[in-house]
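Participant: This is the structure I have questions about; it appears just below.
Listed below in C-alpha cells is the structure:
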C-alpha cells in the first residue's frame with residue numbers, strides 16, 4: 357500500500373486501525389535487465405482501459421511521440437484487448453514474465469499515465485529492468501519517485517509534461533544514467549525481501565504492544 361492511502365484512512369477517523377504502511381515489493385530475481393544495453397532503444401508503457409489507468413492520456417502521448425520521434429520504438433503491453441488507437445505492431449497482450457521483462461529491458465523510458473494508483477508496482481519493475489520512469493503524480497508513485505532524482509513526476513493528465521520529460525531523457529544520456537543509478541538504489545529499498553522483513557517487524561511490534 358502507499359502512504360496516501362493511510363492519509364485517506366486518517367480522514368475517516370480510523371487512524372488507530374493502521375499499524376504501519378508496508379509497501380509492495382519487487383523481486384529482483386524476476387525483474388532485471390535481460391538484453392544487451394545496445395538493444396535498449398525505445399519507450400514503453402502498460403495500457404489499461406479502465407479510466408483510472410488514464411487511457412486517453414496514453415493515446416495522446418503515443419500520438420505525440422509518433423509525430424515527434426518517429427524513429428523511436430514504442431512498446432505497450434496489457435491484459436486488455438488492443439484498442440484501435442494503438443497500432444498492432446507495438447502491442448503485446450498477456451505477455452509472459454519473460455516477455456514483459458524483455459519489453460521493460462528494451463525501453464529507455466517507461467511511462468505511467470494513470471489517474472490514480474494505489475502503489476504502481478510497474479514503476480519498480482521498470483526501474484529494476486533499467487528504465488527511467490516518467491509517472492503521473494497520482495498517489496502511489498510519490499512514495500517511490502523523488503522528482504528529478506530517480507525519475508520524474510508530472511501532473512495527472514499532463515500530456516505535454518509527459519512528452520517533454522520523455523524527450524529530455526531521450527536526448528540526454530548523462531541524465532538518464534544518473535537517474536538510473538538512483539533508481540537502482542530505490543529498487544534495493546523496495547526489494548521483496550526487505551518489504552517482507554518490514555512486515556514481519558511491524559506485526560511483531562504490534563503483538564508486543566498488545567501483549
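Residue numbers (our numbering): 357 to 567. Cβ coordinates follow ideal geometry from the N, Cα and C atoms, glycine included.
Straight-line CA distance for residue 392 to residue 445?
Facilitator: To locate residue 392, count along the chain shown from 1; it is residue 36. To locate residue 445, count along the chain shown from 1; it is residue 89. Going from the Cα of residue 392 to the Cα of residue 445 covers about 22 Å.
Participant: Go to residue 520, then tell me how far its alpha helix (DSSP H) extends in each direction, as first and last residue.
Facilitator: Here residue 520 refers to the residue found at position 164 when the chain shown is read from its first residue. From DSSP, the alpha helix (DSSP H) with residue 520 extends over 515-527.
Participant: In three-state terms, what does DSSP make of residue 427?
Facilitator: As a first step, residue 427 is located in the chain shown; it is residue number 71 there, counting from the start. Residue state, collapsed to three classes: coil.
Participant: Classify residue 499 as buried or exposed, calling it buried when 16 or more other Cβ atoms lie within 10 Å of its own Cβ.
Facilitator: Counting from 1 along the chain shown, the entry for residue 499 is found at position 143. Under this definition residue 499 is a buried residue.
Participant: Does the region 479-489 come within contact of the region 411-431, defined as at least 3 CB pairs closer than 8 Å?
Facilitator: No: fewer than three Cβ pairs fall under 8 Å.
Participant: Would residue 539 and residue 494 qualify as a contact pair, given that the criterion is a beta-carbon distance under 9 Å?
Facilitator: For the purposes of this step, residue 539 is taken as residue 183 along the chain shown, with counting starting at 1. For the purposes of this step, residue 494 is taken as residue 138 along the chain shown, with counting starting at 1. No, these two residues do not count as a Cβ contact at 9 Å.
Participant: Distance, Cα to Cα, residue 465 vs residue 407?
Facilitator: Within the chain shown, the letter at position 109 stands for residue 465. Within the chain shown, the letter at position 51 stands for residue 407. Straight-line Cα distance between these residues: approximately 23 Å.
Participant: Could you name the residues of the same chain whose beta carbon sits closer than 6 Å to that of residue 575, not counting the 5 residues immediately before and after it, in chain order?
Facilitator: With the chain covering 357 to 567 only, the question about residue 575 has no answer from this structure.
Participant: Just tell me which of 511, 462 and 529 has its CA closest to the CA of residue 387.
Facilitator: Residue numbering aside, residue 387 sits at position 31 when the chain shown is read from its first letter. Among 511, 462 and 529, the Cα nearest to that of residue 387 belongs to 462.
Participant: Do you know offhand how far residue 511's Cα is from residue 523's?
Facilitator: Counting from one through the chain shown, the residue named residue 511 turns up at place 155. Counting from one through the chain shown, the residue named residue 523 turns up at place 167. C-alpha separation (whole angstroms): 17 Å.
Participant: Quick check on the DSSP output: the alpha helix (DSSP H) that includes residue 463 runs from which residue to which?
Facilitator: Here residue 463 refers to the residue found at position 107 when the chain shown is read from its first residue. That residue, residue 463, is in no alpha helix (DSSP H); its beta strand (DSSP E) goes 463-468.
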